[in-house]
Amino acid sequence: MILARVVGSVVATRKDPRLEGKTLLILKPITPDGKDEAGYIVSVDTVSAGFRETVIAVSGSSARMAQGCKDVPVDSTIIGIVDTVHLDT
Amino acid sequence: MYLGRVVGRVVSTMKDPGLFGQRLLVVQPLTSDLKPTGKQLICADCTGAGEKELVYWCRGKEASFPFLPGELPIDTTIVGIVDSVNR
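So the sequence lines, in the order shown, correspond to chains U and V.
For the first sequence, my numbering assigns the number 47 to the initial residue and increments by one for each residue that follows.
For the second sequence, my numbering assigns the number 33 to the initial residue and increments by one for each residue that follows.
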């Protein structure tokens with residue numbers, strides 16, 4: 047899994063019927079200390095994450111194991127909203 | 033599977049029901065001579081690894097196999113604690 051910050055949303059009308067009703071959010075991967083990393087991911091949201099929130103995203107076939115995503119054509123899903131990250135010093 | 037070092041942990045309240053009770057640790061991937069390489073990632077843990085511990089972790093669908101018969105949305109899991117590396 048990776049840490050990421052929600053930076054936007056995606057609206058799509060023509061899509062696979064199994065994606066209907068799913069929220070698509072744009073994620074910016076971040077490091078555990080909060081710095082932005084390169085690239086973006088479009089991810090299905092299953093935990094009602096909000097704008098600028100830090101989330102955990104799972105990718106690959108495990109993304110389909112999230113609640114409500116069984117047999118849905120997705121490869122990235124938000125599966126948790128992060129409260130805090132503790133780093134050992 | 034890859035070597036890694038536990039460098040932190042993540043607390044999350046709102047999460048997928050499959051993750052309730054799972055520990056989520058921040059892992060720094062390491063090269064075979066134990067130098068940091070690549071981006072830090074969040075791993076589930078089936079071994080009880082602690083902070084700064086040397087572990088090995090796996091990636092992909094197989095990462096959810098330690099939690100069978102549950103089908104958890106997990107793509108990186110710590111599957112072992114390393115005692116020693118001989119090279």
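Even for Gly, the Cβ is constructed at its ideal location relative to N, Cα and C.
Computed from a prediction, not measured in an experiment: that's the story for all the values here.
Proximity winner among the options, relative to residue i (alpha-carbon distances)
i	options	result
residue 128 (chain U)	U:114, U:70, U:78, U:84	U:78
residue 177 (chain U)	U:69, U:70, U:74	Residue coverage of chain U in this structure runs from 47 to 135, which leaves residue 177 (chain U) outside it and unanswerable.
residue 121 (chain U)	U:61, U:87, U:131	U:87
residue 83 (chain V)	U:57, U:135, U:90, U:48	U:135
residue 53 (chain V)	V:77, V:81, V:94	V:77
residue 67 (chain V)	V:94, V:51, V:35	V:35
residue 112 (chain V)	V:81, V:118, V:119	V:81
residue 72 (chain U)	U:109, U:57, U:110	U:57
residue 49 (chain U)	U:76, U:61, U:59	U:76
residue 119 (chain V)	V:51, V:65, V:46, V:50	V:65
Residues of its chain near residue i, where Cβ-Cβ distance is below 7 Å and the 5 sequence neighbours each way are ignored
i	result
residue 107 (chain U)	none
residue 114 (chain U)	92
residue 97 (chain V)	none
residue 85 (chain U)	75
residue 85 (chain V)	38, 113
Counted within 10 angstroms of its Cβ, other Cβ atoms place residue i as buried (16 or more) or exposed
i	result
residue 108 (chain V)	buried
residue 133 (chain U)	exposed
residue 89 (chain U)	buried
residue 112 (chain U)	buried
residue 100 (chain V)	exposed
residue 117 (chain U)	exposed
residue 110 (chain U)	buried
CB contact flag (residue i, residue j, <8 Å)
i	j	result
residue 160 (chain U)	residue 100 (chain U)	Since the first residue of chain U shown is 47 and the last is 135, residue 160 (chain U) is not available in this structure.
residue 90 (chain V)	residue 33 (chain V)	yes
residue 37 (chain V)	residue 62 (chain V)	yes
residue 55 (chain U)	residue 65 (chain U)	no
residue 102 (chain U)	residue 116 (chain V)	no
residue 110 (chain V)	residue 69 (chain V)	no
residue 72 (chain V)	residue 87 (chain V)	no
residue 47 (chain U)	residue 104 (chain U)	yes
Close beta carbons around residue i, own chain, < 6 Å, minus the five adjacent residues each side
i	result
residue 48 (chain V)	105
residue 39 (chain V)	58, 60
residue 67 (chain U)	none
residue 55 (chain V)	77
Q. Within the chosen definition, does the stretch 118 to 132 of chain U reach the stretch 90 to 109 of chain U through at least 3 CB pairs nearer than 8 Å?
A. The count of Cβ pairs closer than 8 Å, one atom from the stretch 118 to 132 of chain U and one from the stretch 90 to 109 of chain U, reaches three, so the stretches are in contact.
Q) Per the contact definition of three or more C-beta pairs closer than 8 Å, is the stretch 79 to 86 of chain U in contact with the stretch 96 to 107 of chain V? A) No, the stretch 96 to 107 of chain V does not touch the stretch 79 to 86 of chain U.
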